[in-house]
Structures are given as C-alpha cells and as structure tokens.
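Protein chains in written order, with this note's numbering: chain A, 1 to 312; chain B, 1001 to 1312; chain C, 2001 to 2312; chain D, 3001 to 3312. Report on the structure given below.
Protein chains: 4
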Amino acid sequence: MADAQTFETETRARPLWGGPPPGWRARIYLIAFEAETPAGRLFDKVVIAAILLSVCVVFADSIPRLHARWARQFLFAEWGFTALFTAEYALRIVCLRQPWRYAKSFYGIIDLLAVVPTYLALLFPAIHVLIDVRVLRLLRIFRVFKLTAYIAEYQQLAIALAASRRKIAVFLASVVLIVVVLGSLMYVIEGPTHGFTSIPVSIYWAITTMTTVGYGDIIPQTPVGRFVTSLMMLLGWGTLAVPTGIVTSEIALHRGRGPESLDRATRGAIGLSPAPPCTACGEAEHLPRARHCHACGAHLPRPAEAEPEPSR
Amino acid sequence: MADAQTFETETRARPLWGGPPPGWRARIYLIAFEAETPAGRLFDKVVIAAILLSVCVVFADSIPRLHARWARQFLFAEWGFTALFTAEYALRIVCLRQPWRYAKSFYGIIDLLAVVPTYLALLFPAIHVLIDVRVLRLLRIFRVFKLTAYIAEYQQLAIALAASRRKIAVFLASVVLIVVVLGSLMYVIEGPTHGFTSIPVSIYWAITTMTTVGYGDIIPQTPVGRFVTSLMMLLGWGTLAVPTGIVTSEIALHRGRGPESLDRATRGAIGLSPAPPCTACGEAEHLPRARHCHACGAHLPRPAEAEPEPSR
Amino acid sequence: MADAQTFETETRARPLWGGPPPGWRARIYLIAFEAETPAGRLFDKVVIAAILLSVCVVFADSIPRLHARWARQFLFAEWGFTALFTAEYALRIVCLRQPWRYAKSFYGIIDLLAVVPTYLALLFPAIHVLIDVRVLRLLRIFRVFKLTAYIAEYQQLAIALAASRRKIAVFLASVVLIVVVLGSLMYVIEGPTHGFTSIPVSIYWAITTMTTVGYGDIIPQTPVGRFVTSLMMLLGWGTLAVPTGIVTSEIALHRGRGPESLDRATRGAIGLSPAPPCTACGEAEHLPRARHCHACGAHLPRPAEAEPEPSR
Amino acid sequence: MADAQTFETETRARPLWGGPPPGWRARIYLIAFEAETPAGRLFDKVVIAAILLSVCVVFADSIPRLHARWARQFLFAEWGFTALFTAEYALRIVCLRQPWRYAKSFYGIIDLLAVVPTYLALLFPAIHVLIDVRVLRLLRIFRVFKLTAYIAEYQQLAIALAASRRKIAVFLASVVLIVVVLGSLMYVIEGPTHGFTSIPVSIYWAITTMTTVGYGDIIPQTPVGRFVTSLMMLLGWGTLAVPTGIVTSEIALHRGRGPESLDRATRGAIGLSPAPPCTACGEAEHLPRARHCHACGAHLPRPAEAEPEPSR
C-alpha cells in the first residue's frame, strides 16, 4: 500500500482528494483510480470502451442521413452510456476521503461534464446544442496515458514542452504582434472591396497566411498586396524554424533523463509532485529516489510520511 | 555460403522461408533473391524496369484521351507484364525450401498482388476497378533498397524512426484527441449551414487546418469560428515542432552508429534479426559482433549455428 | 544608481539619449523608462493597458456594423488615448538629457507614430486611411520584453537568430533565385490564359506554392505545369528543413550561455552594448565580466566609467 | 599569382578552363574571373547591376499594361543588355587558355543562354516565348556567392546538404512511392466524377496534400476519400520531420568545421577540388593546408605543382 503510494507520488500528481479511506471504499478506490490490480485494469478498459462507443454515437447522430434513420436507437444508447457514467461518477465520489476536492479537480469536472449535458437536454430541450459537450468525454482517455507503458514517452514530451514553455510564450507573443501589424497593413492596402472587410478579418487572413494554411477564401488582388503577402509567406516559413528549434534542443537535452533534471517550477507545471524539502536544513531540490539530503546528509522524509493524509 | 548467410543475417531480416535448397534451385535462388552475383543484379534490373514500365502503362491507361486511342496496345502490354511477373513468381516459389512461408510473407503477398488483379479482371470484368491494385507493384521496389549501396542510409533512417515510434504514437494520440474536440466545437459554432454538415466532416476540416493543408472547401464564416480557427492554426503550427524535435534528436543520437545501439524490440521492428540468446545463461541482449556472452562469458553460438535451417 | 546603470548596460542597449539629468527629472526618468520601482511598474502597466485598449478601439472601428452604431464613442475614446499618449511622450522628452537622441531612436519614432496620425487626420481628413498606422502602437509593447522576467528567453532567441542571420541570408537569397526562375518557367508553360498573367504574378504564385501556403487562386492546368508544380512542392517541402536546421543548431549551441558567447558584431545586432575596448592596448573583444584585458593584462575600465555621461 | 591560385584552389573549384595565358589576357582574366582587385570587383558589380536591371525589364515587359505602353523602350533596353553581355562573353572567351572548356562548363552555358535567346528571337520571331529563358541570367549571380564575404556560410550550408544528400535521396524515393500508391488509391475511391480524372492527376493531388500545400482545386467528397485524406495529411505532417531531422543533425555536426571534415566524394559534389594524393605513398585524404603527408611524412606537392597547367 505504502509502495503503491510512493510510486504514485513519484510518477503522477499526488491526488488532491487525499486518497481512499480504509475499508471497502479502499477496494473501490483501487479499482476506480489505480491500474495496479487486474480489476482496476478491467475497469479502465470498460470505461475507455464506453467512452469511445458513446463518442461514436455522438458522431453518427450528427450525420443527417444516419440521424433520420436511427435517431431512436442513438437516444437509447446515449441514455445507457449516461447511466453508466453516472454510476462511475458516483463510485468515484463514494470511495474518496475528500470527494469535494476530486469534484473540483480537472478530471472531476471532465467526469461531470460527461453526464450533465444529457440530463440538461432532458430538462431544457432548447439547449440541445450543448449536447456536443459530450465529446469532451474523450479527454478522460488522457487519464490513461499516465497509467500505461507509455508513461516514459509521455513524460519526456511533457518535460520538453514544459521546459520550452517560456521561450514559446515569447515567440508566440512576437508572432501575434507581427500578425496584428501586418494584418492591419493589408486592411489598408487591399480594403473591404477585396474581401478584407475589417481589421479582425485581416488578422484572421494574416494568420492563415503566416501559418501556411492558406484557405484561399480571402486573397490579395493588388500588386502591392501580393508583394506584401509574398514577404509574409517567406517570413512565416522562416519563422516556423524557431519553435521547432526550441523544442528540438529541449528534447535533445532531456532525452534519457528523468524529471529530476527539471527545476521545481517546471516539474509542477507538468503535474509532477515536488519532493518534500529536507526537514533538517530545508533544502528543496532532491532527486525523487534520494534517501538522504544532499546538502546536510539528514535522512529525508519519505513522501508518504512527509504529507500525512489526516493533516490535509 | 556461410559467410553470405552471416552477412545477410546481420544486415537484413533473415529470410523467413529458410533459404534455398541445394542444387540448381540454389543457383536460381542466388539470382532471384540475392544481388551478389552479376546475374542477380541483372535480374533485379530487369524486374525493376518491368515494374516501372507496367506502372507507366497503368498511369497512361487511366488518362481518358490516351485510353481512347491506345486501349488495345495497353491491354497487350499489360498481359505481357502479367506473364513476366507470373514467371518471376513461379521462379521464386520453385527455388525455395519453404515456399509457403515466402508466399505468406510481406513481399510474397506483394508479388502475388502484382499478377492476381489482371487474372481476376478477366474472370469478373465487373471488378475492373480492382485493377488499380497493380500500382502496388511499386512496393516491390522497396526490396531493392535493402540490397544496394544505400543500405546504410536506409538503416539510419529506419533506426531513427523505429527509435522514435513510441513518442510519435503518444504525440499522434494527443493530436487526434485535440482534433476531435476542436472539430466538434466548430460543428457547434458554425453548424451545417456553413458547410460543417456533421461532426466527422468537422473533424476532417480540423485536420486540414491543423496540418496547415487548408483546402478552403470548408471555411469558418462566423467571427467566433474564425477566432477559434486562428487559435487552431497557431496551435497546429507550434505542434509541428514536436515530431520534428523527436525525429531530429533520434537521428542525431543514432548517426554513425550501427543497429547494435538499439534494443531488441526496436531492432525487430525494422527487420533486423535479434542475435540469438546465450545458450549458457539465456542472456538475450548482445552486440551482433559479440563472441562471448557479456553476462557469463560463455562462447556465443554464431547466428547460422543457432538457427539451423532444417529445424525450422 | 551606478549599479542600476551597470545592470542596464549589460542586459540592454545603453540608452542612446544619455540617461536622465539629476533632480526631479531623474525621478520621472525612473518612472517612465525603468521598471525597477513600484511606480515604474505601475506606469508600464497603465501604458500597456492603454495601448491594448486603443488598439481594440481601432479594431472595432474597422468593423462596419460596429462603426455604424458606435462611431461617436470610438472617436471620443480615440481622442482620449491620443491625449494620454501625448502626455506620456511629453514626459519622456522632458526627463531626458538628450531628448533629440531619444526622438530619433526606434522607440522614439514609434512613440511619436502613436499620436501623430490622429492629429494629421484632424488637419487633412482625406488621409483618413493613415489612421491605421495607430496599430503600430502595439510595437511599443516590445519594449516591455526587455524589462520583464522573460529577458533571458528573449535574449536566447535573439542570440540564436542573430547568430544564424548570415546563413539565413544566404538561404533566402537562394530561395528567391529559385522562385524567380521557376515562376518565370511557369509563366512560359501555363501562360496568361491559365491565370499566370505576368512574370511577377507567376513569382507570387511560386512563393505561395513553395512555402506550402497554396491559396488556390492561381492553379496549374496543363499536365506539364502540374508536373513542374509537383517538383516545386517537393522541393519547397525539403527546403523548409534548411532554416529549421540552421536555427535549431544555433539554439542548441547557445542555450545556457549568455551573450558573452557572441562576437562583437552579433551582440551589436541584438542590442547588447559591446564592452569598451582596453584603454591600454585597444583590444576590443572581452567577456562582459572581465576585469583585466586578456591581451595585455591591464585593468579594464568598468562600463559606467568608460562611457561617462557628460562626454556624450 | 601563385598565391591567388592556391587560394582559389582551396575555396572554389579549380577552373576547368586552365586559368589565363600570360600577358594582357592575364590582366583581363583577373578582372573578369577574379574579385581580388578593385577592377575585378567593379566588373562584378557592373555585371550584377546589368543582370538585375535586364531581369526587371523582362518582368515589366510581361505585364500587359506596361507592355502596351513601353514595348519599344523595353526592346531598346533588351538590345543594350544583350550587347553588353555579348561583349562580356567575348572577353571571357578571349582571356582563357582553354576557352572551349569554359564554354562547356556550367557557367559558360549560363553565360551563353544570357544572350542567345534575344538573337534567336530576331531570326525566328515565332519562338518569341523562348525569350523568357533570359531570366536564367539570374543564375549568374550565384557565381558571386563564391567570391564574397558569405563564402563560409555558403560552404557550411553546401556541406550540410551535400553530406545529407544520400539520406535525402532515400527519403524522397520513399515519399514518391507513398504518393504514387496513395494517389492511385484515391483515384479508385473518388473517381473522375469528383475531379480525380486520371492517376497522374491523382498523384499531383496527393503531392499537394502531403506537402500541405492544399490548393483546393481537387477535393475529396466521399466519406471514405475524406478519411484516407485525413490519414495522408497526418502522415505528410509527420513525415516532414524526417528531412528536417536529417539536415539539422548534419548542420550541427559540420558547424564550425571546414570542408576538410568531408570525405573525397562529398567535397567533389559541392565543387571543392580534392587535394592531390601524396606522390610518395598515394594517401589521398589530406587537409588542404597540409604541407606534409600525414601517413608517410613526405613533402606534399602544392596543388599548382601537382596539376601543371600545360599538361591539361
């Protein structure tokens, strides 16, 4: 039990909801939240299958030809899935020590969003369109990435992205600035008669151009506009090199290393719980596997001891 | 002979079909499957020329103007190529010890697909459309990459891709998730009146947008839709950096190294036969050039000895 | 005071306008140009908010539906912002020792462009279109990048781009050459009847194709033209690898290093003041943290001593 | 003179035409082919200006509105430029020891193509369209890259591309194979009624899709076609990572190193003359600056001595 908690603390975010209470609820907890036991893995597989099937039903229901013919069946299936997800949500709530914390967490909200739209559509048929929020159920599959054999790959990508996030922010801010200035310029050059009906529309066009998407719904028609567009395309093409370079050098740097190569803030940003600070000298940076403080040599508290459940 | 087998074992996948039987069939084998002899190289060149020519005929036959004028000649040429490929297939079957294994292998099926559609079209003219399967003949040219002077480049690329395949799988799963969620969102925002006729169509549109293809057949027209689209384009643009970073860092890591830098599973994934495990202690990971087990020091079996032909 | 100047000299371009005169004007200087004090930070935040709001007003005013309804309100807001920016410009001028240098600097001109168009539109209503120059106000936000916590990221990106600028120039020159030659070729192949109305238009089309934007407003229609286009697309696709490779290897090289890894010309190009030359032997290349000349061992002047304010 | 030759041998391809004969023709040679003297640099600048101007005239002449008004002036200018380039070509021929070698070299043919079309158009007005070959004059500017301050950057890019050329060939062959197979598949799925009129057209479409150009002139319309297209776009998007990775790792590897880090074949491919082999032991690989053979210590022949002019 303690070992499972240690593993969990080191590889995933420690659950905010404080883990399971003892007794039969602990057994439900192991099934619903952990994938260490056969029952837990089966539970995960059933939930994933239900998610995928329910999303397929949402897809099929949106196709006019299929809706015309199978609308009743789709409705029955939808209520079946909603019942299943409601039961799952109830199970998760019931087995936790602090269900309210779970309900407010990211996955708690996603789990709730999986069932609420169907009930709402029953009460207020007018907001039928909200029902497509059900596609967000797919986000629940992400939960599984953290539990599978792909955790190392998931972590490496997350680490590289987290480590580059500040550079990418600076880069994106510059791109937005360029796009706004050049979009406004093209609004002046081409004007509403050529499809650049307002500055926001021109900025939308500038983004389609600089990202090389190029729908072709709005097109420069004056010689000057085409010249500016040519420069923008070359600029956008060259600029693409920058985020690639940032992410590549981060991936190259962090490959083969675990999360301990990250500083505290970055580890927090990708959902890795920071190790507890040394109780003797307060030193905060330790390798997760460290048993002694590297600064003063004192015995380090084990994560489960450092954050005792009841005190939360 | 033993040397040729050793070379073959180390640089390519050992043929599943157990190599040639002795006698005249061994000579045919050397010509049809190996490129070590002048006759073998000539055989390869003739087959490649026939493949390219037959594909050109398929191309030309699909152009209405050429079909109207030369349909008869194209038909004659097609039967000529089919006869040639049938003879080649018979030769390959006849010279093998275990022809059935070859027939079930990847190249065996491709070789069969090169001739079957023409015969089928004779029996059932209705399935005329299947005849374009003949273009798959081109896949047979890939066989040659493994035999030529480009084998080192082929291997380096294959190694880099194979080593990144798990990270790319995680990345693609995330992209599919994002595309599905954003495509559904745009279906809600824009709706069928603006061309987003169903959720699958919206997802198709989301993929054309995030990969920066941007056909322009479906286009957002509401201000909110254009705003979401702008975010999607910037996101897709930035995301492109991730697979590039993954592959780049793998290529940089593996350049100049041979396949022995890979673990067992990766080597299998790119068609490199894993070295046989140590007969003394069972240790499976050895460098291909290793003569002694690194774990127990026992003499390692040579590949040709470890996998004797008759026992297959 | 001296410390602040040293910091400023090393991390940003030393202000060309020679810093503040003593007295109350120095206090205004600290608020208007520095972000070290709470008042300075508040000043920055107010100015940024005003910039963003005024740009939003320009955007909204360009949308016909909003303009029809709120034109008066937008005009009042515009005059309010113009008054605010005029006051800010006056403050900046008044607190400087050499206001003329500031007025001629990049940010001085941008600051002026933020207010002049509105006054001009009052005098000459005909040049109403010039009013969109106001969007350039956004460029003033760049000033903030140099002052914030993102300065390290900003510098690393700027260093990588500055270090690759010569290679990128060679690359762009080659791309322009290819685009011109291939665009002219397509003009000959397709001709005015297929939309390639002149060589400049064909070059514009070649750029949209090779950068993979692909609007689809001009499209090859002859078989030969489509074949050449296919080659161009593959070429453009492969070529994109080159700037990415350049920037990536520079980012990888310079990450973790400060500007001292750059040569003098590159540091100048990204706005880092070069260290003063040795007063004993004239050697110009020194690390910023150097205390002694590496060539003759003489004590190096500290930046603030080497460029005393009054002598400017 | 000998020094100039040595420099030339090391940084550029040794001229195939054997250098200048002695006397006044040597002086013309230095002006026309070298950029070491002020006269040579001026000659280069005049020629480049004439090239750019003449190309601008070709551009302007292709614009219908300008042609209608200035056709006569453009014709006069064209004959002026042709006379200038003819004189330049005559000068280059006259000052060489082996003019025929020059005439057959790459730049010799480009120089000839700069003047021939105009004369041809005089004789056979029907082939007027050939006159656009004059744009190829731009290629002559490439000659200058080898002489300027950008030679180091030009060489580094050329080295990285030359070193990756075999990997890129393997990659492009794979891409062509994929594009042909998927293009044929889409021809079967969508068929002529949806714009996929023949297999070559489908392949053209597949290339526009996988390179993410996406004109939108041909578009999948069946659900199956759109599904296959989605897979193709994701595949093309991911594939783009491969050439980037190849070029990036080569640039990273070769940065800061001179051409001596390349093997003999690669150096030949980018126009670097291989050093002559040692006359004592035959060892072929030497640094260009080497004076003694690294294998046997014998004095190395200097390039000019090893390839004496008269023996050519």
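All C-beta atoms, glycine included, are put in the ideal place defined by N, C-alpha and C.
How would you write the range of the alpha helix (DSSP H) that residue 1134 of chain B sits in, first residue to last? Within the second sequence, residue 1134 of chain B is the residue found at index 134, counting from 1. It is not in any alpha helix (DSSP H) - residue 1134 of chain B carries neither H nor E in the DSSP assignment.
Can you find the residues in the same chain that come closer than 7 Å, C-beta to C-beta, to residue 3168 of chain D, ignoring five residues on each side of it along the sequence? As a working mapping, residue 3168 of chain D is identified with position 168 in the fourth sequence. Contacts found: 3243, 3246.
Nearest-angstrom Cβ-Cβ length linking residue 135 of chain A and residue 46 of chain A, presumed shorter than 8 Å: Position 135 of the first sequence, counting from 1, holds the residue named residue 135 of chain A. Position 46 of the first sequence, counting from 1, holds the residue named residue 46 of chain A. The Cβ separation is near 20 Å, so there is no contact.
Selection from B:1119, B:1196, B:1181, B:1166 that minimises the alpha carbon distance to residue 138 of chain A: In the first sequence, counting from the first residue as 1, residue 138 of chain A sits at position 138. The shortest Cα separation from residue 138 of chain A among B:1119, B:1196, B:1181, B:1166 belongs to B:1181.
Checking contacts by CB at 8 Å: is residue 2208 of chain C closer than that to chain B? Looking up residue 2208 of chain C in the third sequence gives position 208. Closer than 8 Å to the CB of residue 2208 of chain C there is not a single CB belonging to chain B.
Step through the CB atoms of chain C and report whether any lies within less than 8 Å of the CB of residue 3062 of chain D. By 1-based counting over the fourth sequence, the position of residue 3062 of chain D is 62. Closer than 8 Å: yes.
From which residue to which residue does the alpha helix (DSSP H) around residue 2183 of chain C run? As a position in the third sequence, residue 2183 of chain C is number 183, starting the count at 1. Element bounds for residue 2183 of chain C: 2151 to 2190.
Start and end residues, alpha helix (DSSP H) containing residue 206 of chain A: The residue labelled residue 206 of chain A in the question sits at position 206 within the first sequence. Start and end: 199 to 210.
If you measure between the beta carbons of residue 1211 of chain B and residue 3234 of chain D, is that distance less than 8 Å? The residue given as residue 1211 of chain B occupies position 211 in the second sequence. The residue given as residue 3234 of chain D occupies position 234 in the fourth sequence. Closer than 8 Å, so yes.
For residue 141 of chain A, go through chain B and note every residue whose CB falls closer than 9 Å to its CB, in chain order. As a first step, residue 141 of chain A must be located in the first sequence, where it is residue number 141. The answer, in chain order, is 1173, 1177.
Between the C-alpha atoms of residue 3003 of chain D and residue 3140 of chain D, what's the straight-line distance to the nearest angstrom? Here residue 3003 of chain D refers to the residue found at position 3 when the fourth sequence is read from its first residue. Here residue 3140 of chain D refers to the residue found at position 140 when the fourth sequence is read from its first residue. Reliability of the predicted coordinates at residue 3003 of chain D is poor, the pLDDT of 41 falling under 50, and the value obtained from them is presented with this limitation in mind. For residue 3003 of chain D and residue 3140 of chain D, the distance between alpha carbons rounds to 26 Å.
Using C-beta distances below 7 Å, list every residue in its chain close to residue 160 of chain A, excluding the 5 sequence neighbours before and after it, in chain order. Sequence index remark: in the first sequence, residue 160 of chain A carries index 160 (1-based). Closer than 7 Å at Cβ, skipping near neighbours: 247, 250, 251, 254.
First and last residue of the uninterrupted alpha helix (DSSP H) at residue 1044 of chain B: The residue given as residue 1044 of chain B occupies position 44 in the second sequence. Note, residue 1044 of chain B: alpha helix (DSSP H), 1038 to 1062.
By alpha-carbon positions, which one of D:3151, D:3155, D:3165 ends up nearest to residue 1154 of chain B? If you number the second sequence from 1, residue 1154 of chain B lands on position 154. The alpha carbon of residue 1154 of chain B has as its nearest neighbour, out of D:3151, D:3155, D:3165, the alpha carbon of D:3165.
Using a C-beta cutoff of 8 Å, does residue 3070 of chain D count as contacting chain B? Taking the fourth sequence and counting its residues from 1, the one referred to as residue 3070 of chain D is at position 70. For residue 3070 of chain D, the answer is no, since every Cβ of chain B falls outside 8 Å of its Cβ.
Check whether the stretch 3084 to 3095 of chain D and the stretch 3023 to 3035 of chain D touch, using three or more Cβ-Cβ pairs below 8 Å as the test. yes
First through last residue of the alpha helix (DSSP H) which encompasses residue 2230 of chain C: For this step, residue 2230 of chain C is matched to residue 230 along the third sequence. Residues 2223 to 2239.
Chain-ordered neighbours of residue 3120 of chain D on chain C, where CB pairs are closer than 8 Å: Locating residue 3120 of chain D in the fourth sequence gives position 120, counting from the first residue. Neighbours of residue 3120 of chain D on chain C: none; closest Cβ ~14 Å, over 8 Å.
Proximity winner among D:3236, D:3086, D:3209, D:3156, relative to residue 2229 of chain C (alpha-carbon distances): Here residue 2229 of chain C refers to the residue found at position 229 of the third sequence. Nearest to residue 2229 of chain C by alpha-carbon distance, out of D:3236, D:3086, D:3209, D:3156, is D:3209.
Please go through the same chain and pick out, in chain order, the residues whose beta-carbon is closer than 6 Å to the beta-carbon of residue 194 of chain A, but skip the five residues on each side of it. Taking the first sequence and counting its residues from 1, the one referred to as residue 194 of chain A is at position 194. Only 221 meet the Cβ criterion.
If you count every other CB in all the chains shown that lies within 10 Å of the CB of residue 1030 of chain B, and 16 or more means buried, which is it? Reading the second sequence from its first residue, position 30 is the one you call residue 1030 of chain B. Burial call: buried.
For residue 59 of chain A and residue 1199 of chain B, which I take to be in contact (beta-carbon distance under 8 Å), what is that distance rounded to the nearest angstrom? The count along the first sequence starts at 1 and reaches residue 59 of chain A at position 59. The count along the second sequence starts at 1 and reaches residue 1199 of chain B at position 199. Rounded, the Cβ-Cβ distance is 5 Å, consistent with contact.
If we define contact as Cβ-Cβ less than 8 Å, is residue 2059 of chain C a contact residue for chain A? If you number the third sequence from 1, residue 2059 of chain C lands on position 59. The C-beta of residue 2059 of chain C comes closer than 8 Å to at least one C-beta of chain A.
DSSP state of residue 2218 of chain C, grouped into three classes? Numbered from 1 along the third sequence, position 218 holds the residue referred to as residue 2218 of chain C. The answer is coil: DSSP assigns residue 2218 of chain C none of H, G, I, E or B.
How about residue 2061 of chain C and residue 2089 of chain C: do their beta carbons lie closer than 8 Å? The residue labelled residue 2061 of chain C in the question sits at position 61 within the third sequence. The residue labelled residue 2089 of chain C in the question sits at position 89 within the third sequence. Going by C-beta atoms, residue 2061 of chain C is not nearer than 8 Å to residue 2089 of chain C.
Beta-carbon contacts of residue 214 of chain A that lie in its chain and below 8 Å, excluding the five residues immediately before and after: Looking up residue 214 of chain A in the first sequence gives position 214. Closer than 8 Å at the Cβ level, and outside the excluded window around residue 214 of chain A, lie 208.
Run down chain A in chain order and give the residues with a C-beta less than 9 Å from the C-beta of residue 2109 of chain C. Counting from 1 along the third sequence, the entry for residue 2109 of chain C is found at position 109. Going along chain A, no residue has its Cβ under 9 Å from residue 2109 of chain C, so there is no contact; the nearest lies around 15 Å.
Whose Cβ in chain G lies nearer than 8 Å to the Cβ of residue 2216 of chain C? The chain inventory of the structure shown lacks chain G, comprising the protein chains A, B, C and D.
Distance cutoff 8 Å, beta carbons only. Does residue 3212 of chain D sit that close to anything in chain A? To locate residue 3212 of chain D, count along the fourth sequence from 1; it is residue 212. At least one chain A Cβ lies under 8 Å of residue 3212 of chain D.
Along chain A, which residues have their Cβ under 9 Å away from the Cβ of residue 1205 of chain B? In the second sequence, residue 1205 of chain B corresponds to position 205, counting from 1. In chain order: nothing, as chain A lies at least about 10 Å away.
Could you pull the start and end residues of the alpha helix (DSSP H) that residue 3027 of chain D belongs to? For the purposes of this step, residue 3027 of chain D is taken as the residue at position 27 of the fourth sequence. Note, residue 3027 of chain D: alpha helix (DSSP H), 3024 to 3033.
Residues in the same chain with beta-carbon distance under 8 Å from residue 2079 of chain C, minus the five sequence neighbours each way, listed in chain order, please. To locate residue 2079 of chain C, count along the third sequence from 1; it is residue 79. Excluding positions up to five away in sequence, the list reads 2118.
Can you name, in chain order, every residue of its own chain whose Cβ lies under 8 Å from the Cβ of residue 2217 of chain C, other than the five neighbours on each side? Counting from 1 along the third sequence, the entry for residue 2217 of chain C is found at position 217. Hits under 8 Å: 2195.
Alpha carbons only, please: which of A:224, A:204, A:186 is nearest the one belonging to residue 2201 of chain C? Position 201 of the third sequence, counted from the first residue, corresponds to residue 2201 of chain C. Checked all of A:224, A:204, A:186; the closest Cα to residue 2201 of chain C is A:224.
Alpha carbon of residue 1183 of chain B to alpha carbon of residue 3231 of chain D, nearest angstrom: In the second sequence, the residue the question calls residue 1183 of chain B occupies position 183. In the fourth sequence, the residue the question calls residue 3231 of chain D occupies position 231. Looking at the two C-alpha atoms, the distance is approximately 16 Å.
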